[in-house]
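Enquirer:
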Amino acid sequence: MKSTVEKRFARTVLAASIAAIGITALPAAAADDEMRRLIRPDSQVEVGVGYVSDDSFKYGQYTGLTDQGAHLIGNVDLNRRNEANTHYFSLSGRNLGLDSRSLTIKGGEQGNFGLRLDYDQIPMFASDSFQSPYLGLGTNRLTVTGVADGTTAAGMTGLAANMRPYDIKTVRKGLGLGFTKELMRGWDVEMKYKREDKDGSKLTAAMMQAGSGGTRGAFIVPEPVNYTTDQYEALARYTGDKLQMQFGYYASLFKNENESLTWDSLFNAGTNNANLTGRYGLPPDNQFHQVNASGRYVISKTTNISGNLSFGRMTQNEMFLPYSTAGITGLPERFPTTPSLQGKVYTTNAGLRLNTKLMPKLSLTAGLRYDDRDNKTPISQFAYITGDRNHPTAQPTAANNLLRTNMPLDITKQSAYADLDYHLTSATTVKLGYDFHQVRHNYEPTTGDKEHTVKTEVRHRFGDMVSGSASYAYSDRKASDYNGAAPLASTYTAAYLATLAGGTTGRTYPWLEAPGLRKYFLADRQRDKIGGSLNVAPTDRIDLQFGAHYMRDKYPDTAIGLTKASNWIASFDATLQATDALSGNFFASIDQYKTDQTGAHLSSTANVTQAELGTIPASNLGVTTLSDRTVTVGMGLRYKPQRKYEVGGNLTHSSSKGRTGFNVGSALTPVGQLPDLVSKVNRLEMFGSYFVRKDVKVNLKYAYERYRSADWAWDAPLTLTSVASVPGTNQTSPNYNVHFVGVSVAYQF
1 MKSTVEKRFA RTVLAASIAA IGITALPAAA ADDEMRRLIR PDSQVEVGVG YVSDDSFKYG
61 QYTGLTDQGA HLIGNVDLNR RNEANTHYFS LSGRNLGLDS RSLTIKGGEQ GNFGLRLDYD
121 QIPMFASDSF QSPYLGLGTN RLTVTGVADG TTAAGMTGLA ANMRPYDIKT VRKGLGLGFT
181 KELMRGWDVE MKYKREDKDG SKLTAAMMQA GSGGTRGAFI VPEPVNYTTD QYEALARYTG
241 DKLQMQFGYY ASLFKNENES LTWDSLFNAG TNNANLTGRY GLPPDNQFHQ VNASGRYVIS
301 KTTNISGNLS FGRMTQNEMF LPYSTAGITG LPERFPTTPS LQGKVYTTNA GLRLNTKLMP
361 KLSLTAGLRY DDRDNKTPIS QFAYITGDRN HPTAQPTAAN NLLRTNMPLD ITKQSAYADL
421 DYHLTSATTV KLGYDFHQVR HNYEPTTGDK EHTVKTEVRH RFGDMVSGSA SYAYSDRKAS
481 DYNGAAPLAS TYTAAYLATL AGGTTGRTYP WLEAPGLRKY FLADRQRDKI GGSLNVAPTD
541 RIDLQFGAHY MRDKYPDTAI GLTKASNWIA SFDATLQATD ALSGNFFASI DQYKTDQTGA
601 HLSSTANVTQ AELGTIPASN LGVTTLSDRT VTVGMGLRYK PQRKYEVGGN LTHSSSKGRT
661 GFNVGSALTP VGQLPDLVSK VNRLEMFGSY FVRKDVKVNL KYAYERYRSA DWAWDAPLTL
721 TSVASVPGTN QTSPNYNVHF VGVSVAYQF
């Protein structure tokens, strides 16, 4: 009996010892697996089928999931490393069965050289409800048959019967090559090239001014997109213990296969306007070249300095289009004085940044920035033709308004900033900062402006579970004296401006200026920004984050134009790790933006004088209020036990509403409120994975998305003929209900 008990006890001790050895060996095995994955990353191939329940451009706007039916699910990650040396190869592909596919191939020898090949494709499906009466949609020549000319859209007989559907979309395809080479003594070089082709069409307004005896109007038409952009970049880098430097060259060459867009006009009724066609130039070929340098130097353990410097040149020299497509007699032959713009702009960018610790508890970050655009485009004279089929009654001269000059805009921006961080206690940090920004330019209502900003922030840790911050910034922008007429006046000759001085209308410029009218980006502005955040972690498994931000802009010297704007954002995020297997998250945010813009209306049987514009009564003023509000709410769950499967889901809701309100003076006709601009999207997503084997996984996914939108610019009661001078397109705001189901198998090796 004693012997039996001893044998059983010995076996129990042995089993316990073996189990203990196994337990202690597991972390080492896991560490070995992790190290192996770093040295020899896993490869994976995923293949499957996805199904979309309905057609919708909006649903698949940037993914390509626009058509009902099945599509290929294809993803690949292939990684190979040679155990005998440092050679490597990788291939990564995403969305290979969609129009949003991408593929990257890399290879080389670690520490010596590397090669890279990239391909990516990005679609943009804009509208599948657009219609047009034109033939040749998508090309640079639009013709029309079966529709009678008219002075208004309602007078164009046959318009509705000849509307044809056409999809508005573009696709961008990029192919890139890269090469890197490690040199000696800390140097390496890199060369990159990318060609990007963009094809398709986008909507634009084809406008016409028929001239004397005719009418004006516009058609919404597809503008052909056939762009090619070649980008070149060469870099040389040095990395040392204290010094890092980079020198580079970059070039971007843009080419448009279409010089212009020509269309038949239906606004042809009237004298001298038969068979009129319109034409306008498309984006011209252009180039940008830049040399640049940047670096960082560690002065001491507590101080480092960094900077950058670049010089660039932009050029554009496309030939000008003729004044008209029609055989108009009497067109000026001497103007323009050059057959092309000969556009040339030199750019200079520089920056300097200092980081230092002044004292153990006090650190400083300070810097300077400089940005200059020196426009060397020649100033040339151009003839001004008032209509697309106007027969000039006079030739341009220095004394009339038919001779104009271009305005090559120069702009220089200079900035300086300094931020102090002081650790008041081990739990509290106070930040004080100052920013200065100055802009100088020409051919604008002002010669420039200066802006000063002071800011402060306090960050505090309330123990181990709670931390938060509060910040405030005040900015004051002061512009130089404002002259709204100056830019336009600079396009006329001095001789012509002299003829206006002292006229019976009191005009001294080609148009009258309301003294209180300001462009908001050039006007005096006062800005307040307040922000706060709170992070709460009551346990190791719960994390809560709260945030709120408010901004207010005031334009004290603006009587007509944008007078004030405000924006506030509130957000909440929560993450929960209920167990090692179950986790979840919840988030919500509200974003609201509001602006007030004041306008004025004057009507008189006689010309309004400059003096009258200076004393506009309040009864002739009106305020337009625009507000946009977006609400987003979502939650997600994921369950991943230490077994063969994983399941989860996400539910999100987002809605936005844009509202326009009017408040007009007593002398003006009351204006009704426009319909709200609305968009709402609800999305439910469920997913699951099951490991058939250690290296084979089956993925399942289901998604439902419901989208609703309303835009009064497109939707009923708007019709083809609602706007007399702009025929409609039958385009509607997108709405859809789409289900998606996907099944795929992933093999890991």
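For the sequence shown, this note's numbering gives the first residue as 1, with consecutive numbering after it.
By construction, the Cβ of each residue, glycine as well, lies at the ideal position given by its N, Cα and C atoms.
Values in this document were obtained by computation on a predicted structure and should not be read as measured data.
Are the stretch 233-243 and the stretch 121-130 touching by the rule of at least three beta carbon pairs closer than 8 Å?
Expert: No, the stretch 233-243 does not touch the stretch 121-130.
Enquirer: Work out the CA separation of residue 540 and residue 583 for me, nearest whole Å.
Expert: In the sequence shown, residue 583 corresponds to position 583, counting from 1. In the sequence shown, residue 540 corresponds to position 540, counting from 1. About 13 Å.
Enquirer: Can you tell me the Cα-Cα spacing of residue 738 and residue 192, whole angstroms?
Expert: As a first step, residue 738 is located in the sequence shown; it is residue number 738 there, counting from the start. As a first step, residue 192 is located in the sequence shown; it is residue number 192 there, counting from the start. Roughly 41 Å between the two C-alpha positions.
Enquirer: Alpha carbons only, please: which of 564, 152, 345, 558 is nearest the one belonging to residue 552?
Expert: Locating residue 552 in the sequence shown gives position 552, where the first residue counts as 1. That would be 564, whose Cα lies nearest to the Cα of residue 552.
Enquirer: Cα separation between residue 704 and residue 740?
Expert: Taking the sequence shown and counting its residues from 1, the one referred to as residue 704 is at position 704. Taking the sequence shown and counting its residues from 1, the one referred to as residue 740 is at position 740. Answer to the nearest angstrom: the Cα atoms are 6 Å apart.
Enquirer: Would you identify the three-state DSSP class for residue 548, choosing helix, strand or coil?
Expert: As a working mapping, residue 548 is identified with position 548 in the sequence shown. The answer is strand: DSSP assigns residue 548 an E or B state.
Enquirer: Find the nearest neighbour of residue 576 within the set 317, 570, 586, 72, judged by alpha-carbon distance.
Expert: Walking along the sequence shown from the start, residue 576 turns up at place 576. Closest option to residue 576, Cα to Cα, is 586.
Enquirer: Under the assumption that residue 265 contacts residue 282 (Cβ atoms under 8 Å), give the Cβ distance between them as a whole number of angstroms.
Expert: Within the sequence shown, numbered from 1, the residue matching residue 265 stands at position 265. Within the sequence shown, numbered from 1, the residue matching residue 282 stands at position 282. Their Cβ separation, rounded to whole angstroms, is 18 Å, which puts residue 265 and residue 282 out of contact at 8 Å.
Enquirer: Can you tell which of 524, 523, 545 has its C-alpha closest to the C-alpha of residue 533?
Expert: To locate residue 533, count along the sequence shown from 1; it is residue 533. Minimum Cα distance to residue 533 is reached at 545.
Enquirer: Count the other C-beta atoms from every protein chain shown that fall within 10 angstroms of the C-beta of residue 83, then say buried if there are 16 or more, exposed otherwise.
Expert: Along the sequence shown, read from residue 1 onward, the residue named residue 83 stands at position 83. Exposed.
Enquirer: If you check the beta carbons only, do residue 43 and residue 79 fall under 9 Å apart?
Expert: On the sequence shown, position 43 is the one that residue 43 refers to. On the sequence shown, position 79 is the one that residue 79 refers to. Closer than 9 Å, so yes.
Enquirer: Over the uninterrupted alpha helix (DSSP H) stretch that includes residue 486, give me the two end residues.
Expert: For the purposes of this step, residue 486 is taken as the residue at position 486 of the sequence shown. Segment 486-489, the alpha helix (DSSP H) holding residue 486.
Enquirer: May I ask which residues mark the beginning and end of the alpha helix (DSSP H) holding residue 416?
Expert: On the sequence shown, residue 416 is found 416 positions in, with the first residue counted as 1. Here residue 416 belongs to no alpha helix (DSSP H); instead the beta strand (DSSP E) covers 411-423.
Enquirer: Keeping to the same chain, check which residues put their C-beta closer than 6 Å to that of residue 531; ignore five residues upstream and five downstream.
Expert: Along the sequence shown, one-based indexing puts residue 531 at 531. 471, 549.
Enquirer: Quick check: the Cα distance between residue 356 and residue 419, rounded to an integer number of angstroms?
Expert: Here residue 356 corresponds to residue number 356 of the sequence shown, with the count starting at 1. Here residue 419 corresponds to residue number 419 of the sequence shown, with the count starting at 1. Taking the straight line joining both Cα atoms gives about 11 Å.
Enquirer: What are the partner residues of residue 232, as DSSP defines its beta bridges?
Expert: Walking along the sequence shown from the start, residue 232 turns up at place 232. Paired residues: 193, 251.
Enquirer: Per the DSSP calculation, residue 93 is bridged to which residue(s)?
Expert: One-based indexing of the sequence shown puts residue 93 at position 93. Per DSSP, 76, 103.
Enquirer: Identify the continuous alpha helix (DSSP H) that holds residue 427 and give its terminal residues.
Expert: Locating residue 427 in the sequence shown gives position 427, where the first residue counts as 1. Looking at the DSSP string, residue 427 is not in any alpha helix (DSSP H), and its letter there is neither H nor E.
Enquirer: For residue 412, I'd like the list of residues in its chain whose CB is within less than 6 Å of its CB, leaving aside the five on either flank, ordered along the chain.
Expert: Position 412 of the sequence shown, counted from the first residue, corresponds to residue 412. If we look at residue 412 and ignore the five residues flanking it on each side, its Cβ neighbours are 372, 440.
Enquirer: Is it buried or exposed for residue 58, if we count other Cβ within 10 angstroms and need 16 for buried?
Expert: Taking the first residue of the sequence shown as position 1, residue 58 is located at position 58. Burial call: buried.
Enquirer: In the DSSP output, what is residue 263 paired with across the bridge?
Expert: On the sequence shown, position 263 is the one that residue 263 refers to. Residue 263 is bridged to 142, 278.
Enquirer: Considering residue 474, what are the terminal residues of the beta strand (DSSP E) in which it resides?
Expert: The sequence position of residue 474 within the sequence shown is 474, counting from 1. It spans 466-479 - the beta strand (DSSP E) in which residue 474 sits, taken as one unbroken run.
Enquirer: What separation, rounded to the nearest whole angstrom, lies between the Cα atoms of residue 632 and residue 735?
Expert: Start at 1 with the first residue of the sequence shown, and residue 632 comes out as number 632. Start at 1 with the first residue of the sequence shown, and residue 735 comes out as number 735. Straight-line Cα distance between these residues: approximately 19 Å.
Enquirer: For residue 299, count the other beta carbons within 10 Å of its own beta carbon; 16 or more makes it buried, fewer makes it exposed. Which is it?
Expert: Stepping through the sequence shown from its first residue, residue 299 is reached at position 299. With fewer than 16 Cβ atoms within 10 Å of its Cβ, residue 299 is classed as exposed.
Enquirer: For residue 65 and residue 255, what's the separation of their Cα atoms in angstroms?
Expert: For this step, residue 65 is matched to residue 65 along the sequence shown. For this step, residue 255 is matched to residue 255 along the sequence shown. Straight-line Cα distance between these residues: approximately 30 Å.
Enquirer: In the DSSP assignment, find the unbroken alpha helix (DSSP H) run with residue 813 in it and report its ends.
Expert: Outside the shown range of the chain (1 to 749) lies residue 813, about which nothing can therefore be said.
Enquirer: Alpha carbons only, please: which of 378, 543, 574 is nearest the one belonging to residue 410?
Expert: Position 410 of the sequence shown, counting from 1, holds the residue named residue 410. Among 378, 543, 574, the Cα nearest to that of residue 410 belongs to 378.
Enquirer: According to DSSP, is residue 155 part of a helix, a strand, or is it coil?
Expert: Reading the sequence shown from its first residue, position 155 is the one you call residue 155. Residue 155 falls in the helix class under three-state DSSP.
Enquirer: Only counting the same chain, and skipping five residues up and downstream in sequence, which positions put a Cβ closer than 6 Å to that of residue 467?
Expert: Working through the sequence shown from its first residue, we reach residue 467 at position 467. Only 461, 535 meet the Cβ criterion.
Enquirer: Keeping to the same chain, check which residues put their C-beta closer than 7 Å to that of residue 319; ignore five residues upstream and five downstream.
Expert: Reading the sequence shown from its first residue, position 319 is the one you call residue 319. So the list reads 339, 340, once near-sequence residues are dropped.
Enquirer: Please list the terminal residues of the continuous beta strand (DSSP E) segment that includes residue 84.
Expert: Stepping through the sequence shown from its first residue, residue 84 is reached at position 84. Taken as a continuous stretch (DSSP letters only), residue 84 belongs to no beta strand (DSSP E), as it is neither H nor E.
Enquirer: To the nearest angstrom, how far is the alpha carbon of residue 60 from that of residue 694?
Expert: For the purposes of this step, residue 60 is taken as residue 60 along the sequence shown, with counting starting at 1. For the purposes of this step, residue 694 is taken as residue 694 along the sequence shown, with counting starting at 1. So the two alpha carbons sit approximately 34 Å from each other.
Enquirer: Alpha carbon to alpha carbon, how far is residue 523 from residue 600?
Expert: Taking the sequence shown and counting its residues from 1, the one referred to as residue 523 is at position 523. Taking the sequence shown and counting its residues from 1, the one referred to as residue 600 is at position 600. The alpha-carbon atoms of residue 523 and residue 600 are separated by roughly 18 Å.
Enquirer: Out of 650, 437, 659, point me to the one whose CA is closest to residue 682's CA.
Expert: As a working note, residue 682 is residue 682 in the sequence shown. With distances taken between Cα atoms, residue 682 lies closest to 650.
Enquirer: Let me know if residue 322 comes out buried or exposed under the rule of 16 or more other beta-carbons within 10 Å of its beta-carbon.
Expert: Your numbering for residue 322 matches position 322 in the sequence shown. Its Cβ having fewer than 16 others within 10 Å, residue 322 is exposed.
Enquirer: On a CA-only basis, which of 628, 627, 618, 678 is nearest residue 667? Give me that one, please.
Expert: Position 667 of the sequence shown, counting from 1, holds the residue named residue 667. Of the listed residues, the one whose Cα sits closest to residue 667 is 618.
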